[in-house]
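In the working numbering, the protein residues as written are 34 to 397.
Just so it is clear, CB atoms sit at the ideal spot from N, CA and C, and this is done for glycine as well.
Quick caveat, the model's predicted, so the values are computed rather than measured.
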Ligand code: TRP
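Structure below.
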C-alpha cells in the first residue's frame, strides 16, 4: 500500500465547468491519467462539500452532478482508467470526518485562508457561519486520506486544504500509530494556467459575474463572450495606437492556450505570440484581429470537447452506470481505510474479540 502512487482530486458540483477549470486542472488530470505513472486515480464529485454552503438548495447540487460528469468525460477522463465517484454515497468519509474533527482546533480552522475568503464571499461573516462549512477542510482531509492519495492535483487556492490535511495525517499517526498516507499537492506549472481571469478581467471566472466561458458553451456564446465582453486595453483607442499586452485578457488567454501551430493555421503573419505582442505594443494591430484569432484558438480546443459531450449526453444511462460503478469501487476503497483507522484507534470492537478478555481481566 505504502508505495502505490494514488491520485485523488475533486470538484463541487455547483455548476458547469469552465475554461478556468480546464486549464487549471482538467487538462492536467487527463495528462496524468494518460501518463501511466499512477496505480490508481480517483475523482470525487464532492456533493456533500457543496451542501456545506448550499444546504437550502440540494436540487442545484443534484442537477449539477450530471453537468460535471459530462464535463469530465468530454475532456477525456476515461472511466476505465479514472474512477469517478460521488461523495455522499461513501459513508466512510463521514465517519473519518468525525474522528478527524477531534484532531483539529477551531482556532486552526479559523486561520484557513481559503475558508476565510469563502466565508467573506458568502456573507457568512454577518449571517452566521454553518458549522459544516467551517469544518469542511476536515471533511476534505477525509476525502484525501480515505483514498490513500499520495498526490492531489489542485488549483493554488486549495493549497491550505492540503496543508490542513497533512497536519491531520501527522497528528493522527503520532496519536494512533502510522496509519495514514501523507499526501502532496500538485499545482499547475504554467503560471498562466494557475488562475485564468474572467473575460471581464476580474481575477476569477465566476458564474454570478457572468464572466465565464464554459466547456459546454456553443460557438455563438463563446463569440459573444470574446467580442462583446472581453477586456482589452482601454488606452488602445485606435488601431494605430500603441497597446498594452499586460493585463489585457485577450493576451492572457492566448498565453494560456495558443501554440506556434495556431499561428500558421490562423494568423500566419506572425511566427509566434511574442511577434504578435510586439506588433500590438508598437501599434497597428487592432483588437478585432486579436479577438478573432483567440476565438479560433479556443474553438479548436472546444470543438472536440463539444463532440464528446454530445455523444455522452445522448447516452445518460451509460453515464449513470459509470458513476454508479465508480462509486461502488470507491465504497470498497474508503471502507478499507476506515477499517484501518478504527483498528489503529482500537475502536474496532466487533472485529476483534480480544476485547472480551481485556474486559474480563479488567473486572478481575
Ligand atoms: N474543495 C475543492 C474545490 O472547491 C473540491 C474538493 C473536495 C477536493 N474534496 C476534494 C479537491 C479532495 C481535492 C481533493 O474545488
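Item, Value
"Could you work out which residue in 267, 197 and 333 is closest to residue 299 when comparing CA atoms only?", "333"
"For residue 230, tell me which candidate among 383, 53 and 46 has the shortest Cα-Cα distance.", "53"
"Check whether the Cβ of residue 43 lies closer than 7 Å to any heavy atom of the ligand TRP, and answer yes or no.", "yes"
"What span of residues does the alpha helix (DSSP H) with residue 192 cover, start to end?", "192-209"
"Closest to residue 289 by C-alpha separation, out of 36, 48 and 57, would be which residue?", "57"
"Does DSSP put residue 238 in a helix, in a strand, or in coil?", "coil"
"Could you tell me which residues DSSP pairs with residue 218 in its beta bridges?", "185"
"Report whether the distance from the Cβ of residue 185 to the nearest heavy atom of the ligand TRP is below 7 Å.", "yes"
"Between which two residues does the beta strand (DSSP E) containing residue 77 stretch?", "73-78"
"Suppose you measure from the CA of residue 166 to the CA of residue 203; what does that come to, to the nearest Å?", "23 Å"
"Rounded to whole angstroms, what's the CA-CA distance from residue 162 to residue 139? Just pull it up for me.", "13 Å"
"Reducing DSSP to helix, strand and coil, say where residue 303 ends up.", "coil"
"Leaving out the 5 sequence neighbours to the left and right, which residues in its chain are closer than 8 Å to residue 315 when beta-carbon positions are compared?", "275"
"By the three-class DSSP mapping on this structure, what secondary structure does residue 370 have?", "helix"
"So residue 161 is in the beta strand (DSSP E); what residue range does that whole segment cover?", "It is not in any beta strand (DSSP E) - residue 161 carries neither H nor E in the DSSP assignment."
"What ranges does the alpha helix (DSSP H) occupy inside the region 273-359, keeping only unbroken runs of at least 4 residues that lie completely in it?", "282-290, 293-299, 306-315 and 320-346"
"Just how far apart, CA to CA, sit residue 375 and residue 169?", "21 Å"
"Measuring from the CB of residue 152, is there a heavy atom of the ligand TRP at a distance below 7 Å?", "no"
"Thinking just about the alpha-carbon of each residue, which of 324, 64 and 59 is nearest to the one in residue 256?", "324"
"Could you check whether residue 39 and residue 73 sit closer than 8 Å to each other, using their CB atoms as the reference points?", "yes"
"So the candidates are 200, 188, 43 and 71; which of them puts its Cα closest to the Cα of residue 221?", "188"
"Can we say the region 122-131 touches the region 358-369, given the rule of at least three CB pairs closer than 8 Å?", "yes"
"Taking all protein chains shown into account, decide if residue 349 is buried (16 or more other Cβ within 10 angstroms of its Cβ) or exposed.", "exposed"
"Which class does residue 177 belong to by DSSP, given the choice of helix, strand or coil?", "helix"
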